[in-house]
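Novice:
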Amino acid sequence: MTSDTCDVVVVGGGIHGVGVAQAASAAGYHILLIEQTALASGTSGRSSKLIHGGLRYLETAQLRLVRESLRERAVLLRLAPDLVRRVPFHIPIYRDTVRRPWKVGVGLSLYALLGGLASDTRFATVPRSAWADLDGLSTRGLQTVWRYYDAQTDDAALTRAVMRSAINLGAELACPADFVSATRLLKEEGYHVTYREAGVEKERFCRALVNAAGPWVDLVAQRVAPAPPRLAIDLVQGTHIILSGRLTQGVYYVEAPWDRRAIFVMPWYDRTLVGTTESPYIGDPALVHPLPEELSYLKKAVRHYFPERNLDIMDGFSGLRILPQGNVRPFRRPRETIFLQEASGPVHYVAIYGGKLTGYRATGAHVVRLLQGVLPQAAPVADTARIPLTPD
Ligand SMILES: Cc1cc2nc3c(=O)[nH]c(=O)nc-3n(C[C@H](O)[C@H](O)[C@H](O)COP(=O)(O)OP(=O)(O)OC[C@H]3O[C@@H](n4cnc5c(N)ncnc54)[C@H](O)[C@@H]3O)c2cc1C
Numbered sequence: 028m029t030s031d032t033c034d035v036v037v038v039g040g041g042i043h044g045v046g047v048a049q050a051a052s053a054a055g056y057h058i059l060l061i062e063q064t065a066l067a068s069g070t071s072g073r074s075s076k077l078i079h080g081g082l083r084y085l086e087t088a089q090l091r092l093v094r095e096s097l098r099e100r101a102v103l104l105r106l107a108p109d110l111v112r113r114v115p116f117h118i119p120i121y122r123d124t125v126r127r128p129w130k131v132g133v134g135l136s137l138y139a140l141l142g143g144l145a146s147d148t149r150f151a152t153v154p155r156s157a158w159a160d161l162d163g164l165s166t167r168g169l170q171t172v173w174r175y176y177d178a179q180t181d182d183a184a185l186t187r188a189v190m191r192s193a194i195n196l197g198a199e200l201a202c203p204a205d206f207v208s209a210t211r212l213l214k215e216e217g218y219h220v221t222y223r224e225a226g227v228e229k230e231r232f233c234r235a236l237v238n239a240a241g242p243w244v245d246l247v248a249q250r251v252a253p254a255p256p257r258l259a260i261d262l263v264q265g266t267h268i269i270l271s272g273r274l275t276q277g278v279y280y281v282e283a284p285w286d287r288r289a290i291f292v293m294p295w296y297d298r299t300l301v302g303t304t305e306s307p308y309i310g311d312p313a314l315v316h317p318l319p320e321e322l323s324y325l326k327k328a329v330r331h332y333f334p335e336r337n338l339d340i341m342d343g344f345s346g347l348r349i350l351p352q353g354n355v356r357p358f359r360r361p362r363e364t365i366f367l368q369e370a371s372g373p374v375h376y377v378a379i380y381g382g383k384l385t386g387y388r389a390t391g392a393h394v395v396r397l398l399q400g401v402l403p404q405a406a407p408v409a410d411t412a413r414i415p416l417t418p419d
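28 is the number of the first residue of the sequence shown in my numbering; add one for each residue after it.
1. Please classify residue 293 as buried or exposed, where buried requires at least 16 neighbouring CB atoms within 10 angstroms.
2. Say yes only if the C-beta of residue 422 is nearer than 7 angstroms to one or more non-hydrogen atoms of ligand 1, and no if none qualify.
3. Name the two residues that bound the continuous alpha helix (DSSP H) containing residue 330.
4. Alpha carbon to alpha carbon, how far is residue 384 from residue 337?
5. Should residue 311 be labelled buried (16 or more other beta-carbon atoms within 10 Å of its own) or exposed?
6. From this set, 92, 44 and 411, which residue's C-alpha is nearest residue 71's C-alpha?
7. Measure how close the beta-carbons of residue 33 and residue 61 come, nearest whole angstrom, since I'm counting them as under 8 angstroms.
8. Please name the residue or residues paired with residue 341 in a DSSP beta bridge.
9. Assuming residue 244 contacts residue 378 under a Cβ cut-off of 8 angstroms, what Cβ separation, rounded to an integer in Å, is found between them?
10. Please check the pair residue 324 and residue 164, which I expect to be a contact at CB under 8 angstroms, by giving their CB distance rounded to whole angstroms.
11. Quick one: which unbroken beta strand (DSSP E) runs of 3-plus residues sit fully inside the region 134-197? Chain order, please.
12. For the region 112-129 and the region 178-192, state whether three or more C-beta atom pairs, one from each stretch, are separated by less than 8 angstroms.
13. Given the structure, does residue 383 come close to ligand 1, in the sense that its CB is under 7 angstroms from one of the ligand's heavy atoms?
14. Identify, in the order they occur along the chain, each residue of the same chain with its Cβ nearer than 7 angstroms to the Cβ of residue 412, setting aside the five sequence neighbours on each side.
15. Nearest-angstrom Cα distance between residue 187 and residue 167?
16. Could you give the residue range of the beta strand (DSSP E) that holds residue 219?
17. Since residue 139 and residue 174 are thought to touch, with beta carbons under 8 angstroms apart, how far apart are those beta carbons, to the nearest angstrom?
18. Within its chain, find whatever has a CB closer than 6 angstroms to the CB of residue 395; leave out the 5 residues flanking it on each side and keep chain order.
19. Could you check if residue 226 is buried or exposed, using at least 16 other CB atoms within 10 Å of its CB as the buried criterion?
20. Go ahead and label residue 370 buried or exposed: buried means 16 or more other beta carbons lie within 10 angstroms of its beta carbon, across all protein chains shown.
21. Which class does residue 276 belong to by DSSP, given the choice of helix, strand or coil?
22. Ignore the nearest five residues each way along the sequence and tell me which others in residue 79's own chain have a CB closer than 7 angstroms to its CB.
23. Could you spell out where the alpha helix (DSSP H) holding residue 106 opens and where it closes?
24. Does DSSP put residue 253 in a helix, in a strand, or in coil?
25. Could you say which of 309, 238, 252 and 251 lies nearest to residue 264 if we only look at CA atoms?
26. Exposed or buried, what is residue 217 when buried is set at 16 or more other beta-carbons lying within 10 Å of its beta-carbon?
27. Under 7 angstroms from any heavy atom of ligand 1, does the C-beta of residue 206 make it?
28. Measuring CA to CA, which of 120, 252 and 172 is closest to residue 207?
29. Locate the alpha helix (DSSP H) running through residue 400, then write down its first and last residues.
30. If I follow the unbroken beta strand (DSSP E) through residue 368, where does it start and stop?
31. Taking 8 angstroms as the threshold, find out whether the region 83-98 comes into contact with the region 130-146 through three or more Cβ pairs.
32. Cβ of residue 38 versus every heavy atom of ligand 1: is any distance shorter than 7 angstroms?
33. Where do the N-terminal and C-terminal ends of the beta strand (DSSP E) with residue 205 fall, by residue?
34. In whole angstroms, what separates the C-alpha of residue 271 from that of residue 193?
35. Taking only the alpha-carbon atoms, compute the straight-line gap between residue 321 and residue 303 and give it to the nearest angstrom.
36. Considering only DSSP beta bridges, list what residue 231 is partnered with.
Right under this line is the structure:
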């Protein structure tokens with residue numbers, strides 16, 4: 028292989044792009060990843076930072092997603108103990124909470140079952156005598172507090188750690204570098220890719236192209252010829268705020284009393300992270316930012332459940348979800364990853380839509396399987412389930 032060819036070009040240095048780079052490098056392929064700004068500068072640095080099965084996805088029967096995410100949670104807790112930490116989660120149930128204690132109990136039982144009944148899937152109610160220790164949680168009308176376990180991470184640090192492991196396996200990173208275009212060369216069975224790095228236009232021939240550009244997925248697809256298939260999507264903005272003050276007992280999973288959406292109130296270093304919202308977004312993904320009404324929405328929820336808390340906002344950030352277009356409320360739409368590829372013949376192009384931080388390893392492995400038919404024979408050099416990940 029010459030320096031101007033490689034097996035796979037990946038566009039996008041979010042968790043999915045680096046996940047594909049790691050999986051493909053571990054499978055023995057030569058990868059170039061192109062990232063326009065910085066690793067995790069898109070959605071992957073603006074998530075809720077949870078490595079979780081997604082308890083609430085049980086309500087929409089996304090069982091496969093929950094099972095896979097719980098499996099990945101277990102793997103990441105093992106591989107990245109300094110990046111992914113097990114944390115207690117609390118679900119307070121008040122007299123007027125829609126989800127009744129028994130229903131949450133059934134949900135937690137199913138969650139434990141899908142997690143293989145491992146020791147970290149145990150859950151229980153918090154005794155009434157311990158409610159006063161719950162970080163100032165309001166006890167007016169409180170009936171039950173469920174406690175179970177999920178995990179938190181630093182999403183940007185995790186993304187960088189996965190890319191480092193891909194580089195250790197031989198992957199190349201061009202960052203900052205802008206993907207300019209890709210043209211399918213039928214005779215050579217691959218793509219001719221152009222990108223711009225440090226003001227210099229560079230070229231590569233690759234067998235396969237992966238569009239992992241997150242909210243920019245369609246903008247990148249528009250630069251590919253012939254035009255690849257595209258999915259009709261909605262971009263939905265999710266905002267978090269960071270409040271001063273610590274939480275000592277873990278995460279609180281509350282329900283906004285006025286629209287019943289789930290909101291997380293989470294420890295974040297020595298501050299408190301609260302999110303998220305769902306606001307339709309149209310425009311340049313790079314310009315997404317918290318809206319005044321989102322800040323009030325999140326503050327109102329915190330004030331309701333933690334009436335004594337200081338509501339000084341230290342910081343805030345917004346990320347963009349990619350959801351299949353539809354009339355259903357964003358909160359209820361499926362969160363499964365969608366892979367789009369050429370309609371027929373061997374797969375040279377894959378675009379990744381949506382997905383979860385938690386499932387990046389499974390996503391990477393799936394993309395490599397999809398591309399297998401066009402990649403040369405290669406001997407695997409590593410197993411991503413055995414590569415430790417460490418913070419920078
Ligand atoms: C508010 C919110 C909260 C979430 N919370 C969680 C959670 O707690 N747990 C969980 O598991 N999942 C969560 N998710 C889902 C998860 O964060 C996303 O699915 C994931 O981060 C998407 O990663 P990505 O790599 O596809 O996209 P991104 O992280 O957006 O990466 C795309 C990258 O492509 C780059 N790019 C774009 N165009 C070009 C170009 N022309 N040239 C080069 N590079 C380009 C961008 O700069 C960007 O870095 C959340 C999502 C949102 C929106």
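From the three backbone atoms N, C-alpha and C, an ideal C-beta is built for every residue, glycine too.
Specialist: With the structure as the only source:
1. buried
2. No answer is possible for residue 422: the residues shown for the chain start at 28 and end at 419.
3. 319-332
4. 30 angstroms
5. exposed
6. 44
7. Rounded, the Cβ-Cβ distance is 11 angstroms, inconsistent with contact.
8. Bridge partners of residue 341: none, in fact.
9. 6 angstroms
10. About 19 angstroms; that fails the 8 angstroms criterion.
11. 169-180
12. yes
13. yes
14. 102
15. 43 angstroms
16. 217-224
17. Their Cβ separation, rounded to whole angstroms, is 13 angstroms, which puts residue 139 and residue 174 out of contact at 8 angstroms.
18. 50, 51 and 54
19. exposed
20. exposed
21. coil
22. 96, 100, 177, 178 and 385
23. 90-106
24. coil
25. 309
26. buried
27. yes
28. 252
29. Neither: residue 400 is in no alpha helix (DSSP H) and is coded neither H nor E.
30. 365-368
31. yes
32. yes
33. 204-212
34. 36 angstroms
35. 9 angstroms
36. 220
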